[in-house]
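The opening position of the first sequence corresponds to residue 1 in our numbering, with each subsequent residue numbered one higher.
The block underneath contains the structure these notes are about, expressed in structure tokens.
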Amino acid sequence: MKEINTKHGTLQFPLFLPDATYGAVRTLSFNDLRTIGIEAIVTTTLHIEQKIGSEFIREYGGIHKFFNWNKPILTDSGGWQVYSLITSTTRGNKKNKITDVGATFIDVNTGKSTLLTPETSIHIQLNLSSDILTVLDNPIEVNASLADQKKSITLNTSWAKRAKKYFQNKTQDKNILLGSVVQGGDNFELRKISAQELIEIGFDLYNFGGLPMNYQDPMWRVRVQSENKVTFFREMLEYVANLLPKDSVKYAMGVGKPVDIAFCVDVGWDMFDTVLPTRNARHGLLYVSEGQGDETISYKSRSKKTLTYDHLHLKSQRYKNDTEPVDKNCNCECCQNVSRAYLRHLLRISEPSGYRLATIHNLTFYNKWIKMLRDIQNNK
RNA sequence: CCGGGGAUGGCGGAGCGGUCAAUCGCAUCUGACUGUAAAUCAGACGCCCUAAGGGCUACGGAGGUUCAAAUCCUUCUCCCCGGA
Numbered sequence: 001m002k003e004i005n006t007k008h009g010t011l012q013f014p015l016f017l018p019d020a021t022y023g024a025v026r027t028l029s030f031n032d033l034r035t036i037g038i039e040a041i042v043t044t045t046l047h048i049e050q051k052i053g054s055e056f057i058r059e060y061g062g063i064h065k066f067f068n069w070n071k072p073i074l075t076d077s078g079g080w081q082v083y084s085l086i087t088s089t090t091r092g093n094k095k096n097k098i099t100d101v102g103a104t105f106i107d108v109n110t111g112k113s114t115l116l117t118p119e120t121s122i123h124i125q126l127n128l129s130s131d132i133l134t135v136l137d138n139p140i141e142v143n144a145s146l147a148d149q150k151k152s153i154t155l156n157t158s159w160a161k162r163a164k165k166y167f168q169n170k171t172q173d174k175n176i177l178l179g180s181v182v183q184g185g186d187n188f189e190l191r192k193i194s195a196q197e198l199i200e201i202g203f204d205l206y207n208f209g210g211l212p213m214n215y216q217d218p219m220w221r222v223r224v225q226s227e228n229k230v231t232f233f234r235e236m237l238e239y240v241a242n243l244l245p246k247d248s249v250k251y252a253m254g255v256g257k258p259v260d261i262a263f264c265v266d267v268g269w270d271m272f273d274t275v276l277p278t279r280n281a282r283h284g285l286l287y288v289s290e291g292q293g294d295e296t297i298s299y300k301s302r303s304k305k306t307l308t309y310d311h312l313h314l315k316s317q318r319y320k321n322d323t324e325p326v327d328k329n330c331n332c333e334c335c336q337n338v339s340r341a342y343l344r345h346l347l348r349i350s351e352p353s354g355y356r357l358a359t360i361h362n363l364t365f366y367n368k369w370i371k372m373l374r375d376i377q378n379n380k
């Protein structure tokens with residue numbers, strides 16, 4: 001059974017980490033996370049640096065103390081923001097830019113400029129006392145030209161190399177882990193080159209990056225590439241997993257829907273984080289057990305088990321007078337205390353306590369789902 | 001009683017002769033959301049026909065002018081403001 005040791009405990013796989021991007025899982029307290037049974041979280045280097053400042057957190061005694069959370073914390077490097085705030089954007093601050101040195105971000109609210117280089121990103125993450133750090137990476141639009149995609153992975157690799165070097169100079173602690181991010185857009189050959197170059201440098205984790213790259217053009221995710229109707233996105237994740245060392249920890253960044261996580265576990269991915277359960281909760285899309293929602297989604301695993309769940313649009317009129325809990329088979333705070341009708345009402349009036357209950361429910365669902373996948377894997 | 005201003009689709013409120021079934025906001029309905037620019041975004045939203053498109057009824061009531069009226073005129077009803 002694969003697992004990793006961190007300074008804040010051992011992690012088992014597969015594992016789902018909710019995103020506390022700005023230092024909190026939206027609408028929840030860390031106490032809520034403990035109650036749900038969350039084992040680790042992700043927080044984001046750029047936002048913490050811009051909004052709080054890592055020097056302060058270092059002096060304070062580290063991010064765990066700051067959050068009052070003594071379980072593992074994974075820090076994302078800010079690489080995603082290189083994409084979401086620079087590469088993919090025409091809005092936001094036009095002074096944001098990428099050079100070979102790194103990426104510059106201007107905080108829209110304060111005008112404060114932050115230069116994130118491979119080195120400063122690691123420096124900040126070490127200041128935070130993160131358990132699992134991530135190198136600054138360079139995602140790119142999936143439909144970018146081949147030339148741009150090639151350039152992007154060259155930069156990606158050179159940033160990873162610099163990050164590793166800086167990291168090694170700063171710490172010898174074997175329980176602080178460092179992950180790198182395989183890029184390469186929709187190009188199998190470039191993904192292979194990216195993976196090989198990173199493996200050569202050597203990291204504790206290998207991540208899949210650049211998944212939801214172009215959400216203006218969602219077709220790339222459902223584009224059928226082969227006869228067995230496996231979606232392109234799944235095919236790419238399976239392909240990349242097979243490029244990575246068998247025993248390495250593999251983290252599929254930003255994945256995904258429960259079915260997609262199930263698929264990814266099947267093909268070798270260990271760790272996942274996504275904003276879906278928390279954002280969808282706020283937007284009224286709740287995940288429930290089979291037969292209790294609007295739509296049933298199922299996945300036939302490679303161990304021949306069929307995994308199934310439903311989801312429901314709680315804000316829809318059809319739940320107006322529904323006195324049942326969101327999910328009869330769920331023992332979370334939401335389902336134990338509140339009817340669909342009442343939670344619907346709370347969400348419709350944009351009531352924060354409703355967002356909280358819905359978020360608790362969706363994260364509870366994700367946690368149960370990942371533990372089921374863990375059981376399947378362990379019994380194999 | 002006199003003078004002035006109004007009445008528009010569930011609500012607020014544009015339009016002031018044809019391009020108006022009527023801008024926009026709210027509300028409502030449906031959907032999307034994947035390392036959070038996201039308590040966000042998209043579509044629908046008078047009635048009827050399966051869609052392109054077409055038909056019908058509509059801008060307080062009634063009548064009129066005009067090829068054409070939510071838009072102009074007369075009158076009625078109601079509301080608001082000022083003066084007796």
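Just so you know, even glycine gets a beta-carbon here, dropped at the ideal spot from N, CA and C.
{"query": "Which first and last residues belong to the beta strand (DSSP E) in which G354 is found?", "result": "It is not in any beta strand (DSSP E) - G354 instead sits in the alpha helix (DSSP H) that spans P352 to N379."}
{"query": "Would you give the residue range spanned by the beta strand (DSSP E) that T154 belongs to?", "result": "From DSSP, T154 is part of no beta strand (DSSP E) but of the alpha helix (DSSP H) over L146 to K170."}
{"query": "Would the beta-carbon of L286 fall within 9 Å of that of L312?", "result": "yes"}
{"query": "For R356 and T154, I'd like the C-alpha separation in whole angstroms.", "result": "42 Å"}
{"query": "Span of the alpha helix (DSSP H) holding A281?", "result": "L276 to H283"}
{"query": "As a quick exercise: from Y319, G62 and H283, pick the residue whose alpha carbon is nearest that of A341.", "result": "Y319"}
{"query": "Can you say whether I156 is buried or exposed, counting buried as having 16 or more other CB atoms within 10 angstroms of its CB?", "result": "Per the sequence shown, the amino acid found at residue 156 is Asn instead of Ile. So N156 counts as buried."}
{"query": "With respect to the alpha helix (DSSP H) encompassing H123, which residues constitute its N-terminal and C-terminal limits?", "result": "P118 to L128"}
{"query": "Does the structure place the stretch 29-45 close enough to the stretch 75-91 that three or more beta carbon pairs sit under 8 Å?", "result": "yes"}
{"query": "For G209 versus K164, is the C-beta spacing smaller than 9 Å?", "result": "no"}
{"query": "Is the beta carbon of V259 less than 9 Å from the beta carbon of A241?", "result": "no"}
{"query": "Does the stretch 26-37 come within contact of the stretch 357-366, defined as at least 3 CB pairs closer than 8 Å?", "result": "yes"}
{"query": "Measuring CB atoms only, is the stretch 124-144 touching the stretch 175-183, in the sense that at least three cross pairs come out at less than 8 Å?", "result": "yes"}
{"query": "Please report the residue range of the alpha helix (DSSP H) in which F232 lies.", "result": "F232 to L243"}
{"query": "Can you name the start and end residues of the alpha helix (DSSP H) that L343 belongs to?", "result": "R340 to R348"}
{"query": "For L11, report the span of its alpha helix (DSSP H) as first-last.", "result": "Segment G9 to Q12 is the beta strand (DSSP E) holding L11; no alpha helix (DSSP H) there."}
{"query": "Indicate whether L28 and I360 have their beta-carbon atoms separated by less than 9 Å.", "result": "yes"}
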